[in-house]
Amino acid sequence: MGARAEFAARHRRLLQLERAAEIAERERLLRDCSDAELVARGVTLLRMEVTDLEPGFAGRLHATLRPSRGGDLPPHRFGPGDVAAVRGAGGDGGAAAVVVRARAAEVIVALDAELDELPPLVRLDRMTTDVTYRRLDDALRWLGRDADRDAGRGRFLDVIFGEREGAPCEPATIGAWFDAGLDDSQRDAVATALAAPQVARIHGPPGTGKTTALIELCRQAVTAGERLLACAPSNVAVDNLATRLAAAGVRVVRLGHPARMQHDARDVSLAKQLADSPDQRVLRDSRRDLDQALRALQKARGRHERSAARAELRRLRDERRHLERAVTRGIVDGADVVLATTTGAADADIGERAFDRVVIDEAGQALEAACWIAMRHADRVVLAGDHLQLPPTVRSVEAAAGGLTRTLFERLADQETTASASRMLTVQYRMHEQVMGWSSQTFYEGRLSAAPAVARHRLVDLPDVASNPWTEQPLVFVDTAGCGHEETAEEEEASRHNPGEAALVARIVGELLEAGVAPRDVAVITPYNAQAQRLRERLPDLALEIGTVDGLQGREKEAVVVSLVRSNDRGEVGFLAELRRLNVALTRARRHLTVIGDSATLACDAGLCALVEHLQEQACYRSAFELG
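In terms of the numbering used here, the sequence shown opens at residue 5 and continues consecutively.
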């Protein structure tokens, strides 16, 4: 069995393990939790009244659901893009839906395309979906096939799997740069990636302008006559690329469900461009006919009348799909850059189209199988990301141990055959140089330098921010060793929390806000969900962001307070030992970073011991004793 076939077979098995773990977790919740507990967890809404049904994009019905007793919805976890099941109030039946909007008093969902009607009262359950797994599996099946391939595709695959040396390339000669502010490392990365005959990597550590470099690369490639497929594993990253390219005047189309997109990206979405199409008159007439047929179905009486109304609705829906498909084809073919998530690259609107180049952002956080969904469409690829930040989220311990979290970006980083087409960005534009120090030394061989505009900036330099011990200092370490601030884990929860550290966070945040730092410019980060919840309870009315490390990846704030939580006499540090997680946590801050932790506990791990030593030497050191 060849390297590709072996890889594909192994990863298909690992994905089966991951899917099984996801299903088991969902089944455990349904089995062990009552309806009241599911509502309390925010994954179920009961006794929802269907107050409106109207035609939506692609012939899908949009249903508006409100609490049958009136008032606002209880706290919940439903948001745009979530997959849900709409069932009868008693739990019978069920149809797939995607959440379009979630407001205080209502949820609007796009129903399965074949659904014609709903009972008057329903329940809504957040669901897992196997669509993503089917797409991943299809890509791996394609990759593992032994069928003959054309020469270009064969060379491309051989380089990716280390069976052939990557062809050496000299950086392309760029006649004129669109962004005159690019630094030398960004220009070198773009020029090298453009010249790479098969695969190129742009390694972008935190704050180094990776997306800025990608935008320049896309604009240069389009100017040279290329058509691109640009992807990322997250909708946020795809939206960012789409809006920035559109603002630069590039013809783009963003594929995917509008409910999963940020507001600005919807302006370049396929749905919006379809709505603005010159053919919209025909589509509008079709929508009117659909709406009338839907109302007729709702008013129909008797089996024969309802059957005839339902048949007419389905006929009109099929007719609208054909019209939309024809208009859609023209929009997609007319775009210079087509954008989708990595799994969304399997969208029927892309079909079997070939592109000149595939560009994948956040490749350090994408499952390799997901990258292959997009990479089926071209024999040249540019991967941009950082494998030294958080890997893809994988639930199955067995799948993770088997290598499912090892990304294509990481695998190529260890593969010397493609080194000639790999470049690292070395100037960071986010952090004060002291905030940057540990990350640069630990992960990037000390190669990062802070741009002059950010190298010395502090909170006290912001307008209307007063001087105090926190706003003057860019880096502070609050050591809780010997202070009795020990971690706690309730019997019913595996996640850890630390009440003493939570009290310290509340005090520090209070002093930052009193000094004039805006709440929106502050984030509190902790590795543990239980600690995040207790911090929200302590700081309930503030507009600051409190969350786990995963939620802040790719984001930044002027001030960040990090609570590391672990403090025990056994020297147990849990997954804090995964230093990539800390690399994310400690690189979100622009002007100020406070780290709260127990140096005695942290020093029991070699990697964390090095962090403690760095903080004791480079940060403003404060013992929790002095803070009371």
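Backbone N, C-alpha and C fix where the C-beta goes; we use that ideal spot for every residue, glycine too.
Predicted model only: the values in this text are computed from it and were never measured.
Can you tell me whether DSSP reads residue i as helix, strand or coil?
i: Met440; result: helix
i: Glu496; result: At Glu496, the pLDDT of 46 sits below 50, so the modelled position is not reliable; the number obtained from the coordinates is stated separately. Three-state result, Glu496: coil.
i: His66; result: strand
i: Ser426; result: strand
i: Thr409; result: coil
i: Ser400; result: coil
i: Ala151; result: With a pLDDT of 47 at Ala151, under the threshold of 50, the predicted position of this residue should be treated as unreliable, and no value is reported.
i: Asp188; result: helix
i: Gly74; result: coil
i: Gly92; result: strand
i: His489; result: coil
i: Phe447; result: helix
i: Ile600; result: strand
i: Ala101; result: strand
i: Ala114; result: strand
i: Gln393; result: coil
i: Cys624; result: strand
i: Leu615; result: helix
i: Gln369; result: helix
i: Val469; result: coil
i: Arg595; result: strand
i: Leu122; result: coil
i: Arg107; result: coil
i: Arg127; result: strand
i: Arg434; result: coil
i: Arg157; result: helix
Taking 8 Å as the threshold (beta carbon to beta carbon), is residue i in contact with chain D?
i: Ala425; result: The structure shown contains no chain D; it holds only a single protein chain.
Mind checking which residues open and close the alpha helix (DSSP H) that includes residue i?
i: Phe165; result: Note, Phe165: premise wrong, no alpha helix (DSSP H); not H, not E.
i: Tyr137; result: 135 to 148
i: Cys375; result: 372 to 379
i: Val43; result: 39 to 44
i: Arg81; result: Careful: Arg81 lies outside any alpha helix (DSSP H) and carries neither H nor E.
i: Ile27; result: 7 to 36
i: Val458; result: 456 to 459
Using 8 Å as the threshold, is the C-beta distance between residue i and residue j below it?
i: Ala485; j: Ala388; result: no
i: Val87; j: Ala100; result: yes
i: Trp442; j: Leu615; result: yes
i: Gln393; j: Asn533; result: no
i: Ser400; j: Ala25; result: yes
i: Leu543; j: Ile550; result: yes
i: Gly60; j: His66; result: yes
i: Val398; j: Leu408; result: yes
i: Val569; j: Glu491; result: yes
i: Leu548; j: Ala519; result: no
i: Val272; j: Cys222; result: no
i: Val226; j: Leu343; result: no
i: Pro201; j: Cys235; result: no
i: Ala382; j: Leu233; result: yes
i: His391; j: Glu414; result: yes
i: Leu539; j: Ala506; result: yes
i: Thr212; j: Val431; result: yes
i: Arg720; j: His618; result: Limits of the chain in this structure are 5 at one end and 632 at the other, which puts residue 720 out of reach.
i: Pro210; j: Arg434; result: yes
Assuming residue i and residue j form a contact by the criterion Cβ under 8 Å, report the distance between their Cβ atoms to the nearest whole angstrom.
i: Thr345; j: Asn239; result: 6 Å
i: Asp340; j: Arg231; result: 6 Å
i: Leu633; j: Ala628; result: In the structure as shown, the chain begins at 5 and stops at 632. Residue 633 is therefore absent and cannot be evaluated.
i: Arg130; j: Arg81; result: 6 Å
i: Thr215; j: Leu259; result: Actually they are not in contact, since the Cβ atoms of Thr215 and Leu259 sit about 19 Å apart, beyond 8 Å.
i: Asp21; j: Asp141; result: Sequence inspection shows Leu at residue 21; the Asp mentioned does not correspond to that position. Rounded, the Cβ-Cβ distance is 13 Å, inconsistent with contact.
i: Val203; j: Leu416; result: 7 Å
i: Gly83; j: Ala106; result: 6 Å
i: Arg469; j: Thr475; result: The identity of residue 469 in the sequence shown is Val, whereas the question assumes Arg. Between Thr475 and Val469 the Cβ distance is about 6 Å, and since that is below 8 Å, they are a contact.
i: Gln477; j: Cys624; result: 4 Å
i: Thr48; j: Leu128; result: 7 Å
i: Leu249; j: Ile335; result: Not quite, the Cβ-Cβ distance comes to about 16 Å (not below 8 Å), so this is no contact.
i: Asp360; j: Arg384; result: 7 Å
The beta strand (DSSP E) with residue i in it runs from where to where?
i: Pro59; result: 48 to 59
i: Arg205; result: 203 to 207
i: Ala382; result: Segment: none, Ala382 is in no beta strand (DSSP E) and carries neither H nor E.
i: Phe182; result: Element bounds for Phe182: n/a, residue is neither H nor E.
i: His483; result: The sequence shown places Asp at residue 483, not His. Start and end: 479 to 483.
i: Val464; result: Where Val464 is concerned, there is no enclosing beta strand (DSSP E), given that its DSSP letter is neither H nor E.
Quick one: complete beta strand (DSSP E) runs, 3+ long, within the stretch 505 to 583? 526 to 530, 549 to 552, 561 to 567
Every unbroken beta strand (DSSP E) within the stretch 267 to 350, with a cutoff of 3 residues, ordered by chain: Secondary structure remark: continuous beta strand (DSSP E) runs of at least 3 residues inside the stretch 267 to 350, in chain order: 341 to 345.
Would you list, in sequence order, the uninterrupted beta strand (DSSP E) runs of no fewer than 3 residues that lie entirely inside the stretch 214 to 265? 232 to 236, 256 to 258
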